[in-house]
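Participant: Input: one structure, supplied below.
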Amino acid sequence: MNFKIRAASKEDCKDISRMIMELAVYEKMPDQVKISHEELQRDGFCQNPFFQCLVAEVPEEQKSKEGCTVVGYALYFYTYSTWKGPTVFLEDLYVMPEFRGKGIGKGLLSKVAEVAKKKKQCVHLHLSVLDWNTPSRDFYAAKGAQDLTVTEGIHVLRFDGQNLDNLANEAPKD
Amino acid sequence: MDYKLRKAEPKDVSDILRLVKELAKYEEMEHQVTLTEKELLEDGFGDTPFYHCVIAETQGESSRDDPRVVGFAMYYFTYDPWVGKQLYLEEFYVMDECRGLGIGSEILRHLSDLAMKTRCTGMMFVVAENNEPSLQFYKRRGAEDLSQEEGWRLFRFDKDSLVKMATPAEE
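Pasting the structure below:
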């Protein structure tokens, strides 16, 4: 199968949005997707974008059943480690089911690693995976990723919605 | 003890590094801090900063004493494709001798306020599960443990693995 990995453009946002939803469905949390392709466009293609995106594209003659030629994406951004300096966080990596097993996922991951090393000399690449998602956990482990939740007991926490609001409005007593 | 919160300036990098090392020591990982003051300066105060920092500074006992940097929080903006901009709290520390005075709570309140003002829908961070005091501090204030509640695990590729992956494949 021929495929090309390239930087996403504004015009790709509808396809990226479609695949974000497909990934959310796979992760069993589709009701958590609240933003549209317009917001994605605004946040990713402004002067100081909040994320970077790569897409995987196949030629017209190999398009999907629904007629899509953009069949995978990787969404990432730069983060910072006070121990080591610039790092990359791979927020989303997805390939449409009918295009799996052809090296597209590996291609996207390698490209992100290449950009991380060349552009910003990043020393670490982080990502999160759901505990039941064995295919993904195995994919990353095979490439050398360490599960920090297991090895270091790291938990991911979040304040959002009303809790974030409350926190902003008061200083609770310890 | 009087203290004030302010945005970090280039002159603060040596204090920031000092506090980073103190926190790393608390987490029993001091040997892992390889960042230098020079790198902190370039990365935080150049054209496109990788991070932002808020500092907690106390005034000395008398007006002759120099102010002391006793706490800090380092943060940057990340993106959740489901809900948009997030404020990511990378590092958050108050010196041992200055705890229990509300400095930590005030830093957290300041950051939450900043998150709301900059259109972030959430504030995210990681905590080691054996760090009970920190876990309780955050959970008391309404933080959700996504690792526990939704099963998210954090993975890392280190430098060697990154280099291997970045080399173009033969296929």
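First to last, the sequence lines map onto chains A and B.
If you use our numbering, the first sequence corresponds to residues 1 to 174, in order.
If you use our numbering, the second sequence corresponds to residues 1001 to 1171, in order.
Heads up, the beta-carbon is just placed ideally off N, CA and C, and yes, glycines get one too.
Between residue 172 (chain A) and residue 1104 (chain B), what straight-line distance do the alpha-carbon atoms span, to the nearest angstrom?
Facilitator: Residue confidence for residue 172 (chain A) is low, a pLDDT of 39 falling below 50, so the modelled location carries little weight; the figure read from the coordinates is stated next. Whole-angstrom Cα-Cα distance: 10 Å.
Participant: Going by C-alpha distance, which of A:89, A:80 and A:98 is nearest residue 65 (chain A)?
Facilitator: Comparing Cα-Cα distances from residue 65 (chain A) to each of A:89, A:80 and A:98, the minimum goes to A:98.
Participant: Keeping to the same chain, check which residues put their C-beta closer than 6 Å to that of residue 37 (chain A); ignore five residues upstream and five downstream.
Facilitator: Contacts found: 13, 14 and 17.
Participant: May I ask you to list, following chain order, the residues of the stretch 51-75 of chain A that have a beta carbon less than 7 Å from some beta carbon of chain B?
Facilitator: Of all residues in the stretch 51-75 of chain A, 51 and 75 have a Cβ within less than 7 Å of some Cβ in chain B.
Participant: Taking 8 Å as the cut-off, decide whether the C-beta atoms of residue 1090 (chain B) and residue 1076 (chain B) are in contact.
Facilitator: A contact, by the Cβ cut-off of 8 Å.
Participant: Using 8 Å as the threshold, is the stretch 86-96 of chain A in touch with the stretch 41-49 of chain A, meaning 3 or more CB pairs across them?
Facilitator: Touching, no.
Participant: For residue 158 (chain A), would you say it is in contact with chain B, using Cβ-to-Cβ distances shorter than 8 Å as the test?
Facilitator: It does: the Cβ of residue 158 (chain A) has a partner Cβ on chain B nearer than 8 Å.
Participant: Any beta-carbon of chain B closer than 8 Å to the one on residue 33 (chain A)?
Facilitator: So yes, residue 33 (chain A) belongs to the interface.
Participant: Is the separation between the beta-carbon of residue 107 (chain A) and that of residue 56 (chain A) shorter than 8 Å?
Facilitator: Taking 8 Å as the Cβ cut-off, residue 107 (chain A) and residue 56 (chain A) qualify as a contacting pair.
Participant: Please list the segments of the beta strand (DSSP E) lying wholly inside the stretch 45-80 of chain A, counting only runs of 3 or more residues, in order along the chain.
Facilitator: Listed in chain order, they are 52-57.
Participant: On the CB-based measure, 16 or more other CB atoms within 10 Å of its CB, does residue 1178 (chain B) come out buried or exposed?
Facilitator: With chain B covering only 1001 through 1171, there is no way to say anything about residue 1178 (chain B).
Participant: Within the stretch 1007-1062 of chain B, note down every full alpha helix (DSSP H) run reaching 4 residues or more, in order along the chain.
Facilitator: Complete alpha helix (DSSP H) runs here, min 4: 1013-1026 and 1037-1045.
Participant: Can you tell me whether residue 1080 (chain B) is buried or exposed? The criterion is at least 16 other CB atoms within 10 Å of its CB, across all chains shown.
Facilitator: Classification for residue 1080 (chain B): buried.
Participant: Apply the 10 Å Cβ neighbour rule to residue 79 (chain A) and answer buried if 16 or more other Cβ atoms are within range, or exposed otherwise.
Facilitator: That one is buried.
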